[in-house]
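Notes to accompany the following structure.
2 protein chains.
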Amino acid sequence: MTKAAGYVHGYSRHEARRLGDQADILADLLHADTVYPAGSRVLEIGCGVGAQTVHLVAASPGAHIVAVDISGDSLAQARARMTAQAPGAMVTWHRADLFDLPFADGAFDHLFVCFVLEHLPDPASALARLRRVLRPGGTVTVIEGDHGSAFFHPDSAPARAAISCLVRLQSAAGGDALIGRKLQPLLTAAGYRDVVVRPRTVYADETRPTVVGGFTRITFTAMVEAVRNAALAAGLATPAGWDRGIADLHRTAGDGGTFHYTFFKALAVKPSRASP
Amino acid sequence: MTKAAGYVHGYSRHEARRLGDQADILADLLHADTVYPAGSRVLEIGCGVGAQTVHLVAASPGAHIVAVDISGDSLAQARARMTAQAPGAMVTWHRADLFDLPFADGAFDHLFVCFVLEHLPDPASALARLRRVLRPGGTVTVIEGDHGSAFFHPDSAPARAAISCLVRLQSAAGGDALIGRKLQPLLTAAGYRDVVVRPRTVYADETRPTVVGGFTRITFTAMVEAVRNAALAAGLATPAGWDRGIADLHRTAGDGGTFHYTFFKALAVKPSRASP
Chain E
1 MTKAAGYVHG YSRHEARRLG DQADILADLL HADTVYPAGS RVLEIGCGVG
51 AQTVHLVAAS PGAHIVAVDI SGDSLAQARA RMTAQAPGAM VTWHRADLFD
101 LPFADGAFDH LFVCFVLEHL PDPASALARL RRVLRPGGTV TVIEGDHGSA
151 FFHPDSAPAR AAISCLVRLQ SAAGGDALIG RKLQPLLTAA GYRDVVVRPR
201 TVYADETRPT VVGGFTRITF TAMVEAVRNA ALAAGLATPA GWDRGIADLH
251 RTAGDGGTFH YTFFKALAVK PSRASP
Chain C
1 MTKAAGYVHG YSRHEARRLG DQADILADLL HADTVYPAGS RVLEIGCGVG
51 AQTVHLVAAS PGAHIVAVDI SGDSLAQARA RMTAQAPGAM VTWHRADLFD
101 LPFADGAFDH LFVCFVLEHL PDPASALARL RRVLRPGGTV TVIEGDHGSA
151 FFHPDSAPAR AAISCLVRLQ SAAGGDALIG RKLQPLLTAA GYRDVVVRPR
201 TVYADETRPT VVGGFTRITF TAMVEAVRNA ALAAGLATPA GWDRGIADLH
251 RTAGDGGTFH YTFFKALAVK PSRASP
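If you read the sequences in order, they're chains E and C. Oh and the first sequence: position 101 is 101 in the numbering used here, straight run, nothing missing. Oh and the second sequence: position 76 is 76 in the numbering used here, straight run, nothing missing.
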């Protein structure tokens, strides 16, 4: 059975906070239009530290949300986050491998999969396998980024090289940081229909200080910065080259700088007569 | 005085049709929210063959539109296009250099500049110079692409190299195919205020055949293909490498392929007390 690949971003407390900040800032862009009816059964795959779960609950307070993750530590943090932010929320937590879910066929009306496929060696198999627990006619929502969508001003070869290090590390860990552009073919190949994928673009310039601070600095640049040691250890960068790249990324958050990044959000349906 | 740089795309009849197709397909995305009040005086800079002008006229039938271009041949084609598509349109055509416009200070309520700055050696000076003919409180609308925003599935190094050839040729001709990301700092530096820039993204996959055909194939890939001879003559590509890159671009328009490209649209205001 295929297992989840290594998680390139690590499990530190600092990383948990970064994921929380990221989810808050991106909530409107990525999640505002995901609203599940009261009483519907929703399965969040790979909830991690609950960064997206709190937004699911806020947007769909009447839905029955089940959140699974393969990491017990992450689930403990997710519970704590939810207790602090939404104490009365109807969330059930399960530690489980998404390739071996402890749920009956068709147990859920909706699946929610955010920033998960990018870390899997075989996202196509994962999507196909997940179909089993979705009822015919139920929906799957998938959200992923694509680091190839990052471009900025001033442009910088060292900054592009630093981002490329993250892409290569994620690839070496069995993941794919360029997966956003592949969501439509992945979902179609996995047997879903009515696949609709749309870009969700973050654009920052000095007229939007909240986006500059909240995305360019503390989400994207911080994510790249966090793999410094791994990049150097893998021989993908020199210390001087790396530091120049990070400095140049920070420069895109200064006056006159701009930054562009695209997420992709997909919605698809499980056919009524699905093959297993 | 700075002059317009070489126009990398050329002036052929084939190119004129490509520009027309492109403008039609992108009209909703780029122009739908540009509506000028009846009686307002609008100056379109660098109208070329009138590809955008027909959409300006359609959206703002009561505005007085003046369109200028440095090429008499292009203007002739623009007139013919307008006569065919909107015979009663209130458009006045002028052959003029945008650095030496034959209009009084403050003669216009609005400026419209689409796919022009990318071809100029000094777009900052152009924007600053244009301010003279805009009345205080009047608006400037600027639309540009950014070829660094192009990414696709399946990814392909030869396809990226072919795009890079176009970027380098445009740069060698004095232009900048990566200008979209710079619009906010350019407009701010040129003395405009209330600068608002937003990405306008084209995303194509097999579920959107109109976009695949209309953008990936006949707009973007055709634009790259058109510089084959120039790229080979400049020694930027080998025939085999080039043809592979173009074939791979076409492959992104096939089943399971995806394509992403971002335009930027800017709106800014001339301050009431502007320095010249």
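Glycine is no exception: its CB is placed at the ideal position from the N, C-alpha and C atoms.
Original post:
Between E:T216 and chain C, is there a C-beta pair that is closer than 8 Å?
Top reply: One-based indexing of the first sequence puts residue 216 of chain E at position 216. Chain C contact via Cβ: absent.
**OP:** Within its chain, find whatever has a CB closer than 6 Å to the CB of E:F103; leave out the 5 residues flanking it on each side and keep chain order.
**Re:** Along the first sequence, read from residue 1 onward, the residue named residue 103 of chain E stands at position 103. Excluding positions up to five away in sequence, the list reads V133.
**OP:** List the residues that DSSP assigns as beta-bridge partners of E:T258.
**Re:** The count along the first sequence starts at 1 and reaches residue 258 of chain E at position 258. DSSP, once it has assigned bridges, lists E:H153 and E:D205 as partnering E:T258.
Original post:
Listing by chain order, which chain C residues have their CB less than 7 Å from the CB of E:G256?
Top reply: One-based indexing of the first sequence puts residue 256 of chain E at position 256. In chain order: P185.
Original post:
Buried or exposed: E:T219, going by 16 or more other Cβ atoms within 10 Å of its Cβ?
Top reply: Counted from its first residue, the first sequence places residue 219 of chain E at position 219. Looking at its Cβ environment, which holds 16 or more other Cβ atoms inside 10 Å, E:T219 is buried.
**OP:** Look up C:V49 in the DSSP assignment and say whether it is helix, strand or coil.
**Re:** As a first step, residue 49 of chain C is located in the second sequence; it is residue number 49 there, counting from the start. If DSSP states are grouped into helix, strand and coil, C:V49 belongs with coil.
**OP:** Please go through the segment 106-170 of chain C and give each complete alpha helix (DSSP H) segment of 4 or more residues, from N-terminal end onward.
**Re:** 123-130
Original post:
Is the beta carbon of E:A268 within less than 7 Å of some heavy atom of the ligand PLP?
Top reply: Judged by which ligands are present, the structure shown has none, so any question about the ligand PLP falls away.
**OP:** Please determine if the segment 238-257 of chain E and the segment 180-192 of chain E are in contact, where contact requires at least 3 C-beta pairs separated by less than 8 Å.
**Re:** no
Subject >> Proximity winner among E:L75, E:G46, E:V91 and E:A177, relative to E:L130 (alpha-carbon distances) >> reply: Numbered from its first residue, the first sequence carries residue 130 of chain E at position 130. Comparing Cα-Cα distances from E:L130 to each of E:L75, E:G46, E:V91 and E:A177, the minimum goes to E:G46.
Original post:
So, are the CB atoms of C:L178 and E:D155 less than 8 Å apart?
Top reply: Your numbering for residue 178 of chain C matches position 178 in the second sequence. Your numbering for residue 155 of chain E matches position 155 in the first sequence. Cβ distance < 8 Å, so C:L178 and E:D155 count as in contact.
**OP:** Starting from C:R181, trace the alpha helix (DSSP H) both ways and give me its first and last residue.
**Re:** Your numbering for residue 181 of chain C matches position 181 in the second sequence. Counting along the chain, C:R181 falls outside any alpha helix (DSSP H), and DSSP gives it neither H nor E.
Original post:
Does the segment 136-153 of chain E come close enough to the segment 69-85 of chain E to have 3 or more Cβ pairs within less than 8 Å?
Top reply: no
Original post:
Which bits of chain C does E:R198 rub up against, with CB to CB less than 7 Å?
Top reply: On the first sequence, residue 198 of chain E is found 198 positions in, with the first residue counted as 1. In chain order: Y203.
Subject >> Any C-beta of chain E under 8 Å from that of C:Y192 >> reply: Taking the second sequence and counting its residues from 1, the one referred to as residue 192 of chain C is at position 192. No, C:Y192 lies away from the interface with chain E (no Cβ there is under 8 Å from its Cβ).
Subject >> Cutoff 8 Å: C:K265 Cβ touching any chain E Cβ >> reply: Your numbering for residue 265 of chain C matches position 265 in the second sequence. Answer no: the Cβ-Cβ gap between C:K265 and chain E never drops below 8 Å.
Original post:
Between the segment 206-218 of chain E and the segment 119-130 of chain E, do at least 3 Cβ pairs fall closer than 8 Å?
Top reply: no
**OP:** Can you check DSSP and say which residues form a bridge with C:V197?
**Re:** For the purposes of this step, residue 197 of chain C is taken as residue 197 along the second sequence, with counting starting at 1. DSSP lists C:A266 as partners of C:V197.
Original post:
Counting along the chain, where does the alpha helix (DSSP H) carrying E:D248 start and finish?
Top reply: Along the first sequence, read from residue 1 onward, the residue named residue 248 of chain E stands at position 248. Residues P239 to R251.
Original post:
Hey, out of C:T141, C:M82, C:G175 and C:A89, whose CA is closest to C:P123's CA?
Top reply: Sequence index remark: in the second sequence, residue 123 of chain C carries index 123 (1-based). It is C:G175 whose Cα lies nearest to the Cα of C:P123.
Original post:
With a Cβ-Cβ cutoff of 8 Å, do C:C165 and C:L236 count as a contact?
Top reply: The residue given as residue 165 of chain C occupies position 165 in the second sequence. The residue given as residue 236 of chain C occupies position 236 in the second sequence. Their beta carbons are under 8 Å apart, which means C:C165 touches C:L236 by this criterion.
Subject >> Which of helix, strand or coil DSSP assigns to E:V66 >> reply: If you number the first sequence from 1, residue 66 of chain E lands on position 66. Residue state, collapsed to three classes: strand.
**OP:** Along the alpha helix (DSSP H) that carries E:R81, what are the first and last residues, could you check?
**Re:** One-based indexing of the first sequence puts residue 81 of chain E at position 81. G72 to Q85 is the span of the alpha helix (DSSP H), which, as asked, contains E:R81.
Original post:
How is E:L101 classed by DSSP in three states: helix, strand or coil?
Top reply: Residue mapping note: residue 101 of chain E aligns to position 101 of the first sequence, counting from 1. If DSSP states are grouped into helix, strand and coil, E:L101 belongs with coil.
Subject >> Coil, strand or helix - C:L221 by DSSP >> reply: Here residue 221 of chain C is taken as the residue at index 221 of the second sequence, counted from 1. The sequence given here places Thr at residue 221 of chain C; Leu does not occur at that position. In this structure, C:T221 counts as helix in the three-state DSSP scheme.
Original post:
Should C:A354 and C:L187 be called a contact, given that it needs their Cβ atoms to be closer than 8 Å?
Top reply: Since the first and last residues shown for chain C are 1 and 276, residue 354 of chain C lies out of range.
Original post:
Which term fits E:V298, buried or exposed, when burial requires 16 or more other beta carbons within 10 angstroms of its beta carbon?
Top reply: Within the shown structure, residues of chain E are numbered from 1 to 276, placing residue 298 of chain E beyond reach of any answer.
Subject >> chain C contacts from the segment 121-153 of chain E (Cβ-Cβ distance under 8 Å) >> reply: D146, G148, S149, F151, F152 and H153
**OP:** Keeping to the same chain, check which residues put their C-beta closer than 8 Å to that of C:L26; ignore five residues upstream and five downstream.
**Re:** Start at 1 with the first residue of the second sequence, and residue 26 of chain C comes out as number 26. Excluding sequence neighbours, C:L26 sits near V202, F215, T219 and F263.
Subject >> Proximal chain E residues relative to C:T207, where beta-carbon distance stays under 7 Å >> reply: Stepping through the second sequence from its first residue, residue 207 of chain C is reached at position 207. What C:T207 touches in chain E: Q184, V195 and V196.
Subject >> Helix, strand or coil at C:L43 [DSSP, three-state] >> reply: Counted from its first residue, the second sequence places residue 43 of chain C at position 43. Strand.
Original post:
By the 10 Å Cβ neighbour count, where 16 or more other Cβ atoms means buried, how is E:T221 classified, buried or exposed?
Top reply: Translated into the one-based positions of the first sequence, residue 221 of chain E becomes position 221. So E:T221 counts as buried.
**OP:** Mark E:V35 as exposed unless 16 or more other C-beta atoms lie within 10 angstroms of its C-beta, in which case mark it buried.
**Re:** In the first sequence, the residue the question calls residue 35 of chain E occupies position 35. Exposed, by the Cβ-count rule.
Original post:
Roughly how many whole angstroms lie between the Cα atoms of E:P61 and E:V224?
Top reply: Here residue 61 of chain E is taken as the residue at index 61 of the first sequence, counted from 1. Here residue 224 of chain E is taken as the residue at index 224 of the first sequence, counted from 1. Looking at the two C-alpha atoms, the distance is approximately 34 Å.
Original post:
For E:A32, which of E:A59, E:G39 and E:R41 has the nearest alpha-carbon?
Top reply: As a working note, residue 32 of chain E is residue 32 in the first sequence. Comparing Cα-Cα distances from E:A32 to each of E:A59, E:G39 and E:R41, the minimum goes to E:A59.
Subject >> Coarse secondary structure for E:V277, derived from DSSP in three states >> reply: Past the boundaries of the shown model lies residue 277 of chain E; chain E is included only from 1 to 276, so the question cannot be answered.
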